[in-house]
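Protein chains in written order, with full-length UniProt numbering: chain U, 1 to 511; chain X, 1 to 320.
Idealized CB from N, CA, C, for every residue including glycine.
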Amino acid sequence: MSRVAHHTAEELADLKHRAPLLRLDGVTKTFPGVKALDDVSFDVRHGEVHALLGENGAGKSTLMKVLAGVHRANSGTIHLNGEPVEVNSPLEAKARGIVLVHQELSLAPELSVAENIFLGSLPTKRFGLVSWKRLNAAATHILDRLGVKFESYDRVGDLSIANQQMVEIARALVFTPKVVVFDEPTASLTDAEKVVLFDVIAGLKKEGTGIVYISHRMDEIFTLSDRITVLRDGQTRGTLNTRDTDEDGVTRLMIGRSLDKSARKAAPEPGPVALEVKGLSCGDLFRDISFSLRRGEVVGMYGLVGAGRTEIAETIFGLRAKDGGEIRIDGAPVDISGPPDAIRHGVALAPESRKEQGLVLGMNCRDNMSLSQLDAVSRGGWLDRGAEQAIYDEYAGRLSLKAPSWRTPVRNLSGGNQQKVVLGKWLGVKPRVLIVDEPTRGIDVGSKSEIHALIRRLAAEGIAVLVISSEMPEVLAVSDRILALYHGRLAREFAAADVTEDALVQAISGL
Amino acid sequence: MADTLASLRRYMVIPPIWLFLLACVAFFSVLTDDFLAPGNFTNILIQTSTIGIIALGMTVVMINGNIDLSVGAVVALAASLSVGLQDQLGTLPAVVVGLGSGVALGLLNGMIVWKTGVDAFIVTLGAMIGVRGLVFIYTGEQSFFAMDFAYSDFGMSTIAGLPTLAAIFLVFAAIMHWVMTATVHGRNAYAVGGNREAAEHAGVRVGRHMVINFMLVGFCAALAGVTLSTQMGASTPNLGRDYELWTITAVVLGGTKLAGGAGSILGTLGGVLTIGVLRNGMNLMQVPAFYVLVVMGVILIAVLFIDARVNRRGAGELRL
Ligand SMILES: Nc1ncnc2c1ncn2[C@@H]1O[C@H](COP(=O)(O)OP(=O)(O)OP(=O)(O)O)[C@@H](O)[C@H]1O
Ligand SMILES: [Mg+2]
């Protein structure tokens with residue numbers, strides 16, 4: 001794949017003075033019962049990173065899907081290089097050089113990495129046969145640029161979520177795109193992969209490509225972007241130059257108030273041990289893991305992707321067979337051979353990947369939430385709709401879920417709101433031990449601090465909580481103690497009071 | 001108040017196939033004299049009750065994300081057993097054995113699908129071929145005739161003016177509708193069909209529910225075999241051929257998705273009646289039988305095409 005030569009500085013400066021590369025005007029989009037976009041205008045200049053911010057459900061993804069031909073707007077126009085264009089399908093968008101890196105992974109798990117990257121434009125030789133040699137060579141070329149640790153012929157279904165995300169990004173680099181939209185690309189990436197992604201973005205910028213960058217992580221927004229547009233309830237709240245504003249200013253535009261960053265109240269003395277894990281091992285995923293969780297305590301589990309965090313959680317929850325070690329709940333050794341056992345013992349796990357493990361996408365919000373506790377909302381096998389509704393109402397409220405109604409299929413919710421349904425589903429169980437794996441992936445800053453507060457509150461109610469996260473600020477914000485994992489081993493344990501960021505980073509990198 | 005209204009609306013959602021059914025009824029009422037004749041509607045109900053009863057079980061299995069191709073063979077097996085064993089065992093025990101054979105086969109199908117992980121399509125395809133073979137072995141390629149007249153009278157009897165077979169179908173449909181909308185088991189069928197992994201994570205005992213559903217469809221197929229043989233007063237080893245296809249056609253017309261996770265008994269009822277009305281109506285118009293098949297094939301595809309179109313637009317989903 002050949003790429004255009006870089007523009008010289010003058011050329012770039014010149015381009016910037018011309019009409020914006022891309023302009024959306026007066027875009028309105030309604031879904032049954034929701035006005036997702038209301039007269040939104042937005043533009044992207046040559047070689048700039050334009051960040052799009054807003055709460056969960058504000059309409060960011062919808063706006064970008066209109067641009068990429070996935071949704072058809074009710075009204076509004078799109079100009080590319082000053083020319084009005086119609087984008088009626090994702091294919092057409094691609095042909096015009098508009099590429100969207102989706103928030104939700106949209107890969108074919110049974111196909112290889114290379115096939116996924118070139119899906120729809122596989123290189124062929126005579127008789128329409130796929131040229132595997134050229135395919136793999138081209139894919140390898142792109143993968144090298146991303147510096148990933150998997151091969152072009154690997155099956156996508158076997159990759160971790162982070163690596164799948166990298167494949168999704170690789171897809172955008174196949175053509176020489178004019179505009180690339182990244183919809184929360186870093187939600188499941190590690191720091192190392194993030195650095196690579198930022199390099200790629202810098203490269204695209206140099207070539208004059210316009211970038212739209214959606215994220216809930218302020219630090220990224222402020223390092224990457226040139227301008228910021230804030231959406232709220234489907235309307236534009238304003239466009240600012242990044243250097244003229246700060247986090248607080250943007251947050252206020254986004255959620256209408258400043259974030260309460262007051263220090264956390266000191267936790268009351270934790271109660272007796274609820275969960276104790278001794279010498280837990282599973283193949284070469286993790287070895288000899290021992291720790292305990294007390295009632296009323298939040299313990300953070302921090303480590304790089306691949307350090308075995310999710311696998312440990314899955315083993316405790318009975319989704320994986322352990323090959324050594326012991327699990328005790330309230331002091332008694334238990335044998336958990338599957339999620340039903342775990343739930344019976346009061347252990348809940350809110351899984352990492354909401355689309356695969358967390359939700360039945362075609363099912364409505366209420367039924368999804370009650371799925372983990374059908375025993376509690378039924379009598380003799382008969383569902384008690386009132387009880388189901390009560391659970392839904394309680395947790396939709398506590399999590400400030402934004403859904404048109406309980407009847408909406410979760411598929412139609414915004415990414416962050418889907419995540420809230422997953423959380424509600426497990427919080428409602430009122431477990432003794434709650435394990436949450438990446439609880440705030442894709443959740444906006446306002447709701448994030450609400451969820452952290454909720455986790456603290458649950459602990460205060462006597463639940464033992466294990467929070468798995470790859471975001472250091474999150475681990476620091478919620479935990480009383482922090483377990484640092486390195487390569488399937490427990491590297492160190494810290495008390496939240498005397499941990500430093502440096503020490504944490506060292507512990508998880510094996511130093 | 002608004003809430004009861006809303007929940008009422010949810011349970012009264014009319015699957016789109018009912019609109020098509022209404023159109024068919026209107027069409028045949030205008031074009032034929034006999035369609036609206038008093039006896040005709042009960043005729044249709046009797047004619048459709050066999051496929052209908054199987055379709056109820058099939059709906060549940062398909063919502064669950066599986067399929068059962070062996071239903072036609074089970075119809076023959078259950079019919080042959082319940083007619084053929086009448087001399088030795090007496091009528092009622094023979095019927096019980098016939099029904100039991102369907103349940104047992106469902107158990108076997110379900111256990112194999114669960115424990116081996118082989119696709120239900122393959123497992124039940126094997127069962128369809130194998131069971132048909134068993135039927136031929138058991139009957140020695142012979143038809144059996146019911147000597148107990150009470151047996152064949154049952155097929156012709158009525159309850160409060162409604163043919164007994166039609167009544168059985170409708171009552172069973174009501175029960176299954178209730179099971180699918182109001183019980184934990186029904187909810188789990190939707191969840192497993194929609195996303196098996198997520199259901200497992202949520203603590204649903206996926207295998208158990210799957211097996212129960214296979215037993216249910218086995219029972220339905222066997223019951224259909226019994227009712228069909230009471231209608232004919234006999235059983236033949238070839239009974240129920242192609243029934244799996246007609247059943248699946250009815251279920252799919254009713255809006256149940258082959259991939260699982262979505263569908264309803266109400267829709268299946270509409271699908272079953274649509275097939276019945278089309279057959280009956282074209283029969284009254286004296287359309288030759290083979291043309292009827294052509295029309296049915298075309299209608300199946302057309303209805304699903306329209307459904308996909310309408311639904312996609314409505315949901316504002318991906319346009320491909
Ligand atoms: N296919 C759809 N059908 C119906 N409603 C939809 C659909 N897609 C999005 N919506 C609704 O449109 C609104 C905007 O959703 P959108 O996905 O654009 O939010 P977002 O800003 O990307 O949020 P997040 O930060 O959570 O990803 C939400 O209220 C959502 O429920
Ligand atoms: Mg989004």
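When the options are compared against residue i, the one with the closest alpha-carbon
i: Thr-310(U); options: Ala-172(U), Ala-495(U), Ile-435(U) and Asp-502(U); result: Ile-435(U)
i: Ile-312(U); options: Ser-290(U), Asn-417(U) and Arg-294(U); result: Ser-290(U)
i: Gly-84(X); options: Leu-36(X), Ala-23(X), Thr-274(X) and Thr-236(X); result: Thr-236(X)
i: Gly-362(U); options: Asn-283(X), Tyr-291(X) and Ala-259(X); result: Ala-259(X)
i: Leu-67(U); options: Asp-25(U), Ser-188(U), Gly-82(U) and Ser-400(U); result: Asp-25(U)
i: Arg-328(U); options: Leu-293(U), Leu-159(U) and Val-277(U); result: Val-277(U)
i: Glu-314(U); options: Gly-140(X), Leu-273(X), His-201(X) and Arg-241(X); result: His-201(X)
i: Ala-19(U); options: Asn-74(U), Val-85(U), Asn-81(U) and Thr-28(U); result: Asn-81(U)
i: Ala-234(X); options: Val-75(X), Cys-24(X), Asn-66(X) and Ala-26(X); result: Val-75(X)
i: Tyr-153(U); options: Gly-76(U), Ala-495(U) and Glu-110(U); result: Glu-110(U)
i: Val-174(U); options: Ile-255(U), Thr-500(U), Leu-399(U) and Glu-115(U); result: Glu-115(U)
i: Asp-244(U); options: Lys-125(U), Gln-235(U) and Phe-222(U); result: Phe-222(U)
Backbone secondary structure at residue i - three-state DSSP
i: Pro-32(U); result: coil
i: Gly-239(U); result: Checking the sequence shown, residue 239(U) turns out to be Thr, not Gly. Thr-239(U) falls in the strand class under three-state DSSP.
i: Ala-495(U); result: strand
i: Phe-317(U); result: coil
i: Val-101(U); result: strand
i: Trp-426(U); result: helix
i: His-71(U); result: coil
i: Phe-144(X); result: strand
i: Thr-187(X); result: This sequence places Arg at residue 187(X); Thr is not what is there. Three-state result, Arg-187(X): helix.
i: Phe-150(U); result: coil
i: Arg-432(U); result: coil
i: Thr-256(X); result: coil
i: Gly-98(X); result: helix
i: Met-1(X); result: For Met-1(X), the pLDDT reaches just 42, beneath the cut-off of 50, and the residue's location in the model is therefore unreliable, leaving the point undetermined.
i: Pro-409(U); result: strand
i: Ser-70(X); result: coil
i: Ser-378(U); result: strand
Span of the beta strand (DSSP E), counted from its first residue to its last, around residue i
i: His-50(U); result: 49 to 54
i: Tyr-243(X); result: Note, Tyr-243(X): premise wrong, no beta strand (DSSP E); alpha helix (DSSP H) at 243 to 253.
i: Phe-121(X); result: It is not in any beta strand (DSSP E) - Phe-121(X) instead sits in the alpha helix (DSSP H) that spans 120 to 139.
i: Glu-276(U); result: 273 to 282
i: His-79(U); result: 75 to 80
i: Tyr-302(U); result: 298 to 303
i: Glu-326(U); result: 324 to 329
i: Asp-341(U); result: Taken as a continuous stretch (DSSP letters only), Asp-341(U) belongs to no beta strand (DSSP E), being part of the alpha helix (DSSP H) at 339 to 344.
i: Arg-232(U); result: 227 to 232
i: Leu-87(U); result: Position check: residue 87(U) holds Val in this sequence, whereas Leu was assumed. No beta strand (DSSP E) holds Val-87(U); DSSP gives it neither H nor E.
i: Val-60(X); result: No beta strand (DSSP E) contains Val-60(X), which is instead part of the alpha helix (DSSP H) from 38 to 63.
i: Ser-469(U); result: 464 to 469
Length of the line joining the Cα atoms of residue i and residue j
i: Leu-81(X); j: Ala-108(U); result: 48 Å
i: Val-61(X); j: Leu-383(U); result: 20 Å
i: Ala-227(U); j: Leu-52(U); result: First, the residue type needs correcting, since residue 227(U) is Arg and not Ala in the sequence shown. Taking the straight line from one Cα to the other gives about 9 Å.
i: Ala-396(U); j: Val-422(U); result: 11 Å
i: Asp-444(U); j: Gly-57(U); result: 10 Å
i: Pro-409(U); j: Cys-365(U); result: 6 Å
i: Asn-241(U); j: Gln-389(U); result: 45 Å
i: Glu-394(U); j: Asp-367(U); result: 14 Å
i: Arg-9(X); j: Arg-407(U); result: Confidence at Arg-9(X) is low in this model, with a pLDDT of 47, below 50, so its placement is unreliable and the value that follows should be read with caution. Roughly 11 Å between the two C-alpha positions.
i: Ile-14(X); j: Ile-265(X); result: 11 Å
i: Leu-300(X); j: Val-292(X); result: 12 Å
i: Arg-319(X); j: Gly-69(U); result: Note on Arg-319(X): pLDDT 35, under 50, position unreliable in the model; no value is reported.
i: Ala-342(U); j: Arg-295(U); result: 17 Å
i: residue 522(U); j: Arg-432(U); result: The first residue shown for chain U is 1 and the last is 511, placing residue 522(U) beyond what the model contains.
Extent of the continuous alpha helix (DSSP H) run through residue i
i: Leu-204(U); result: 191 to 206
i: Leu-399(U); result: From DSSP, Leu-399(U) is part of no alpha helix (DSSP H); its letter is neither H nor E.
contact_flag[the stretch 29 to 49 of chain U, the stretch 197 to 214 of chain U] where n(CB pairs < 8 Å) is 3 or more:
Using a C-beta cut-off of 8 Å, the stretch 29 to 49 of chain U makes contact with the stretch 197 to 214 of chain U, since at least three inter-stretch Cβ pairs fall below that distance.
For the 8 Å Cβ check, are there 3 or more pairs between the stretch 195 to 206 of chain U and the stretch 125 to 140 of chain U?
no
Say whether the stretch 87 to 96 of chain X touches the stretch 277 to 291 of chain X, bearing in mind that this needs 3 or more beta-carbon pairs closer than 8 Å, one atom from each stretch.
no
Is the stretch 485 to 501 of chain U touching the stretch 450 to 457 of chain U in the sense that three or more CB pairs, one from each, lie closer than 8 Å?
By the C-beta criterion, the stretch 450 to 457 of chain U is judged not to be in contact with the stretch 485 to 501 of chain U, since fewer than 3 inter-stretch pairs fall below 8 Å.
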